[in-house]
Amino acid sequence: MMIPIQDFLLLGALRFGLGVIGVILRRNVLIVLMSIELMLNAANLTLVAFGRARHDPHAHAFAFLVMAVAAAEAAVGLAIVVGIFRNRRSVNLDELTLMKH
Amino acid sequence: MTAAFPLHLIPLLPLAGAAFALLVGKRAGKDAVTLVCLGVVAAAALMAFYAVYLLHGQLPPGGSLTDAFFDAPWMKAGDLEVHPGLMLDRLSAVMVMVVTGIGFLIHLYSTAYMEHDEGYTRFFGYLNLFMAAMLILVLGDSLLVTFVGWEGVGLCSYLLIGFWFDKDANAYAGRKAFVVNRIGDFAFLLAMFLTFSITSTLKYSDMGGVVEALHAPLWFGLPGAYFVGILILIGCTGKSAQIPLYIWLPDAMAGPTPVSALIHAATMVTAGVYMVARMHVVFEVAPATLAAVAGIGAATALFAATIAIAQRDLKKVLAYSTISQLGFMFVAVGSHLHGTSNYEAGIFHLVTHAFFKAGLFLGAGSVLHALANEGDITRMGGLKKYLPHTRWTFLIYCLAISGIFPFAGFWSKDAILAGAHAALWPTSPNPGGAEIWFAAHTGQILYWTLLAAAACTAFYMFRLYFLVFEGEYRGTEEKKHHLHESPPAMTVVLWLLALGSIGIGLLGIPDEFGSRLDRFGDFLSPVLQAQARVETRSDFLIGAAIALSVSSAAILLAWVLYGNGFSPRVKRFVAAVPRLYKTVLNKYYIDEIYDVLVVRPVRWTAIIFWRAVDSVLIDGTINLVALIVGGIGKLVRYLQNGDVQRYLVGILVGAAIIFWGATNWTARQGAKFIVTQHGHEVIVTAAPEDDLAFRRLRFRVEWEGGTYTPEQTATIFTHHYDKAGKHKITVEAFDPRWGTHATVSQKLVIK
Chain D
1 MMIPIQDFLL
11 LGALRFGLGV
21 IGVILRRNVL
31 IVLMSIELML
41 NAANLTLVAF
51 GRARHDPHAH
61 AFAFLVMAVA
71 AAEAAVGLAI
81 VVGIFRNRRS
91 VNLDELTLMK
101 H
Chain L
102 MTAAFPLHLI
112 PLLPLAGAAF
122 ALLVGKRAGK
132 DAVTLVCLGV
142 VAAAALMAFY
152 AVYLLHGQLP
162 PGGSLTDAFF
172 DAPWMKAGDL
182 EVHPGLMLDR
192 LSAVMVMVVT
202 GIGFLIHLYS
212 TAYMEHDEGY
222 TRFFGYLNLF
232 MAAMLILVLG
242 DSLLVTFVGW
252 EGVGLCSYLL
262 IGFWFDKDAN
272 AYAGRKAFVV
282 NRIGDFAFLL
292 AMFLTFSITS
302 TLKYSDMGGV
312 VEALHAPLWF
322 GLPGAYFVGI
332 LILIGCTGKS
342 AQIPLYIWLP
352 DAMAGPTPVS
362 ALIHAATMVT
372 AGVYMVARMH
382 VVFEVAPATL
392 AAVAGIGAAT
402 ALFAATIAIA
412 QRDLKKVLAY
422 STISQLGFMF
432 VAVGSHLHGT
442 SNYEAGIFHL
452 VTHAFFKAGL
462 FLGAGSVLHA
472 LANEGDITRM
482 GGLKKYLPHT
492 RWTFLIYCLA
502 ISGIFPFAGF
512 WSKDAILAGA
522 HAALWPTSPN
532 PGGAEIWFAA
542 HTGQILYWTL
552 LAAAACTAFY
562 MFRLYFLVFE
572 GEYRGTEEKK
582 HHLHESPPAM
592 TVVLWLLALG
602 SIGIGLLGIP
612 DEFGSRLDRF
622 GDFLSPVLQA
632 QARVETRSDF
642 LIGAAIALSV
652 SSAAILLAWV
662 LYGNGFSPRV
672 KRFVAAVPRL
682 YKTVLNKYYI
692 DEIYDVLVVR
702 PVRWTAIIFW
712 RAVDSVLIDG
722 TINLVALIVG
732 GIGKLVRYLQ
742 NGDVQRYLVG
752 ILVGAAIIFW
762 GATNWTARQG
772 AKFIVTQHGH
782 EVIVTAAPED
792 DLAFRRLRFR
802 VEWEGGTYTP
812 EQTATIFTHH
822 YDKAGKHKIT
832 VEAFDPRWGT
842 HATVSQKLVI
852 K
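From first to last, the protein sequence lines are chains D and L.
Under the numbering used here, the residue at position 11 of the first sequence is numbered 11, and the numbers go up by one with no gaps.
Under the numbering used here, the residue at position 149 of the second sequence is numbered 250, and the numbers go up by one with no gaps.
Here it is as structure tokens:
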């Protein structure tokens with residue numbers, strides 16, 4: 001039985017929304033990074049779903065590219081988090097307000 | 102005939118010296134500065150004398166040496182194309198020799214005089230800079246090049262008057278000199294413009310060929326030469342300290358004494374005389390301007406001489422004396438007779454005056470050196486015991502300036518007096534009674550005025566000499582203890598100048614005593630034609646006798662009144678005419694008059710502009726703009742809270758708004774419609790603009806409450822109204838892609 005595309009898209013939208021809520025509401029940098037991963041995955045799911053529905057392999061290739069970028073982003077992001085922790089002894093986003101006026 | 106010669110080296114050498122002293126002088130040390138600055142002036146002097154030797158020996162009498170720096174024009178605007186260049190003819194030869202010769206002596210003197218001054222290197226830097234500017238002034242081959250030097254010497258004069266600028270009074274004196282000179286410079290500039298517009302050239306060597314153009318009437322039916330001449334004359338009154346622009350020179354004494362000797366006595370202030378002689382072609386076309394030159398000179402000569410009589414400051418007396426002597430030179434160059442003027446005597450007096458006036462100032466410097474800068478002659482006296490060299494040389498200078506035979510001043514002043522006596526200016530074609538009288542008597546008036554000025558000169562010079570060197574010392578004991586003769590570098594210079602003051606006059610013995618004797622006049626005559634006066638030996642002897650007896654009488658009077666300090670008669674005389682004495686002592690209140698008439702109105706205008714325009718209008722506008730920008734910034738910076746997560750909310754909200762707007766746009770635009778009416782028949786065209794995006798829309802029209810045309814993709818609807826009256830048409834557009842819709846309404850009246 002074919003699972004209709006709407007189900008995939010709905011799931012992607014839900015995951016994206018969860019990711020956004022996580023990024024906005026959580027204060028721990030690590031959780032925020034994980035939420036960003038969630039959003040990227042939602043985008044991937046949507047891409048793959050459209051790719052399957054339209055029989056277009058380009059979308060799959062694009063999903064792989066997003067994965068590679070996500071991996072790089074995670075590496076860089078975690079490195080930044082480690083650096084911040086060493087300097088500030090904290091990974092609480094509320095305390096990282098150097099950009100304040 | 103002209104020949105090329107690297108004349109540019111003459112001013113460039115001192116310029117290089119100035120650059121050295123001012124840029125690296127402090128680090129190089131005093132000895133290096135002395136060596137370089139004196140060396141370049143000596144080199145320039147040698148080059149100048151060599152050039153004059155070539156000019157005199159190798160070229161025919163009217164020839165000149167020239168030096169064009171480069172072939173390309175210096176500046177180009179319209180018809181104006183200036184090729185800068187230097188030129189040495191016999192007139193500039195005289196000037197160059199005076200400037201480099203006296204200049205070198207004063208440099209030498211300064212090494213001792215300024216030895217303990219903190220600004221030693223700066224002083225020599227400025228002095229060299231002055232030499233460069235002055236040499237450009239006299240060597241320039243056109244008005245424009247001369248103007249460069251003209252402005253340059255003004256700048257150096259300003260810098261050196263305010264040399265000790267830590268005292269306000271000195272800085273103000275420098276500023277006064279600069280501003281007053283600017284007035285004259287402005288006239289000079291206008292003269293230059295006018296000369297070019299009349300003659301299309303600025304070169305001196307072309308002036309002889311443009312006499313026709315100078316004769317052509319310009320304004321009020323007068324030849325252009327009149328206006329050029331008057332403007333140049335105003336420029337010269339500024340630089341040469343003549344009425345009405347002389348007021349800066351007495352204040353210029355605030356500078357170090359060698360500066361007063363070099364700039365404010367021997368060289369720079371004579372530039373005006375030089376310019377009149379240089380532009381003689383213009384002046385000869387307009388003899389009335391020569392009369393103005395002579396009139397101003399005579400008035401200044403007597404006026405300044407009377408002021409000098411009552412002054413108590415050593416250098417002030419000499420300053421007014423300089424103004425007065427420059428007046429003599431102006432009379433000489435203005436003494437017109439049959440198409441030429443007594444230039445030769447004016448330039449001759451310029452040379453002799455350079456020697457004895459530089460000497461007088463340097464002697465005064467030697468006195469000030471001994472008295473620790475005490476300049477009040479009422480507290481001097483009896484210095485001949487302590488300063489023998491200064492005293493003897495000073496006496497020679499005094500005799501020279503008083504015109505005693507056979508010192509230099511005798512010959513030059515006598516030539517001026519004879520020229521003034523013979524002077525005659527042409528009258529207008531139909532002269533009136535007053536004009537005839539003036540034409541006949543102006544020479545006489547000038548002569549007697551100058552004679553009176555000469556009497557005053559002899560009187561105040563010997564008053565000065567007696568009060569300083571004769572009688573008993575009237576100063577403090579402490580200063581008496583320190584009295585000493587100046588070092589050799591100074592006394593040697595004093596003696597050299599004294600030799601000049603004795604001997605230089607012998608170059609100008611009039612031709613009446615032998616045709617080869619007037620070497621000075623013979624040297625200049627190819628460039629400046631001598632005044633065409635007929636003079637016999639007895640004429641000369643009578644003139645000399647009158648001048649000598651007047652001067653001797655004045656000296657005798659000075660000896661009676663001041664020979665042994667102030668005699669009681671002086672006090673009685675002063676007490677008898679207190680108002681006259683006070684007026685003369687205060688220099689006829691000219692400074693105060695200028696203050697009321699010129700300085701204060703200008704200052705008040707400036708204050709009004711400052712307070713009203715600058716502070717309120719300009720500053721107010723700028724501050725208002727700054728205030729607005731600052732206020733906006735203050736408000737907006739609260740958005741910069743530094744919390745990344747709040748920024749993200751902002752991004753999301755913004756994205757949602759853009760998405761909403763974008764998805765509704767097509768429907769909203771498509772719902773707009775046009776109504777066409779034919780009586781009760783109405784046609785509605787929805788989405789009248791043809792856009793691909795509108796083709797997917799579907800429309801529904803509500804004609805009046807409850808009457809619809811149902812949804813369709815076509816855009817044209819028709820309806821027939823049964824009743825007249827007001828109706829409201831509403832078009833609703835649906836966009837199936839985004840599931841959005843929009844409505845637009847319009848009122849319609851059916852008659």
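For each residue, glycine too, the CB sits at the ideal point set by N, CA and C.
Using only alpha-carbon positions, find the residue among the options that is nearest to residue i.
i	options	result
M308 (chain L)	L:L469, L:A378, L:V142 and L:D267	L:A378
V628 (chain L)	L:N443, L:T368, L:A274 and L:A288	L:N443
I36 (chain D)	D:V66, D:G83 and D:I84	D:V66
A44 (chain L)	L:V360, L:W804 and L:R796	Beyond the ends of chain L as shown, which are 102 and 852, falls residue 44 (chain L); an answer cannot be given.
F774 (chain L)	L:L463, L:T786, L:T767 and L:L472	L:T786
E613 (chain L)	L:R638, L:V700 and L:R223	L:R638
T63 (chain L)	L:P527, L:M369, L:P530 and L:P351	Limits of chain L in this structure are 102 at one end and 852 at the other, which puts residue 63 (chain L) out of reach.
A43 (chain D)	D:H55, D:L9, D:M99 and D:R89	D:L9
H439 (chain L)	L:P162, L:V386 and L:I448	L:V386
E833 (chain L)	L:P811, L:L718 and L:Y822	L:P811
C257 (chain L)	L:A270, L:K268 and L:R276	L:R276
G464 (chain L)	L:L484, L:G447 and L:L451	L:L484
T819 (chain L)	L:E782, L:R838 and L:K829	L:E782
Q412 (chain L)	L:S602, L:K127 and L:C557	L:C557
V197 (chain L)	L:K824, L:F170 and L:A152	L:A152
F835 (chain L)	L:T764, L:L461 and L:M591	L:T764
Y210 (chain L)	L:A590, L:K416 and L:P112	L:A590
K127 (chain L)	L:L192, L:G220 and L:H365	L:G220
Listing by chain order, which chain L residues have their CB less than 9 Å from the CB of residue i?
i	result
I24 (chain D)	Q746, R747, L749, V750 and L753
L93 (chain D)	D744, V745 and Q746
Give the interface partners of residue i over in chain D, defined as CB-CB distance under 9 Å, in chain order.
i	result
G743 (chain L)	L96, T97, L98, M99, K100 and H101
Looking at the unbroken alpha helix (DSSP H) that takes in residue i, where does it start and where does it end?
i	result
K177 (chain L)	Looking at the DSSP string, K177 (chain L) is not in any alpha helix (DSSP H); the run it does join, the beta strand (DSSP E), is M176 to A178.
G77 (chain D)	P57 to R88
D307 (chain L)	First-last for D307 (chain L): undefined, no H or E at that position.
A556 (chain L)	G534 to F570
Y695 (chain L)	I691 to Y695
A105 (chain L)	Note, A105 (chain L): premise wrong, no alpha helix (DSSP H); beta strand (DSSP E) at T103 to A105.
Applying a beta-carbon distance threshold of less than 7 Å, which residues of chain L neighbour residue i?
i	result
L38 (chain D)	Correct list: empty, because the minimum Cβ distance to chain L is about 14 Å.
V20 (chain D)	L753
Could you check where the beta strand (DSSP E) with residue i kicks off and where it finishes?
i	result
K485 (chain L)	Segment: none, K485 (chain L) is in no beta strand (DSSP E) and carries neither H nor E.
L849 (chain L)	T841 to I851
M80 (chain L)	Any question about residue 80 (chain L) goes unanswered here, given that chain L covers just 102 to 852.
I817 (chain L)	I817 to H821
I775 (chain L)	F774 to H779
Use the C-beta contact count for residue i: other C-beta atoms within 10 angstroms, 16 or more gives buried, fewer gives exposed.
i	result
Q741 (chain L)	exposed
D515 (chain L)	buried
D242 (chain L)	buried
T550 (chain L)	buried
S467 (chain L)	buried
L793 (chain L)	exposed
S587 (chain L)	buried
L206 (chain L)	buried
F457 (chain L)	buried
M99 (chain D)	exposed
Y809 (chain L)	exposed
D477 (chain L)	exposed
- Considering only residues of the stretch 233-265 of chain L, which uninterrupted alpha helix (DSSP H) runs meet the minimum length of 4 residues and lie entirely inside it, listed in chain order? As far as the stretch 233-265 of chain L is concerned, its whole alpha helix (DSSP H) runs of at least 4 residues are 244-262.
- Task: Give, in chain order, every unbroken run of the beta strand (DSSP E) that is at least 3 residues long and sits entirely within the stretch 116-204 of chain L.
- Result: Restricted to the stretch 116-204 of chain L, the beta strand (DSSP E) segments that are unbroken, complete and at least 3 residues in length are 165-169, 176-178, 181-183 and 186-189, listed in chain order.
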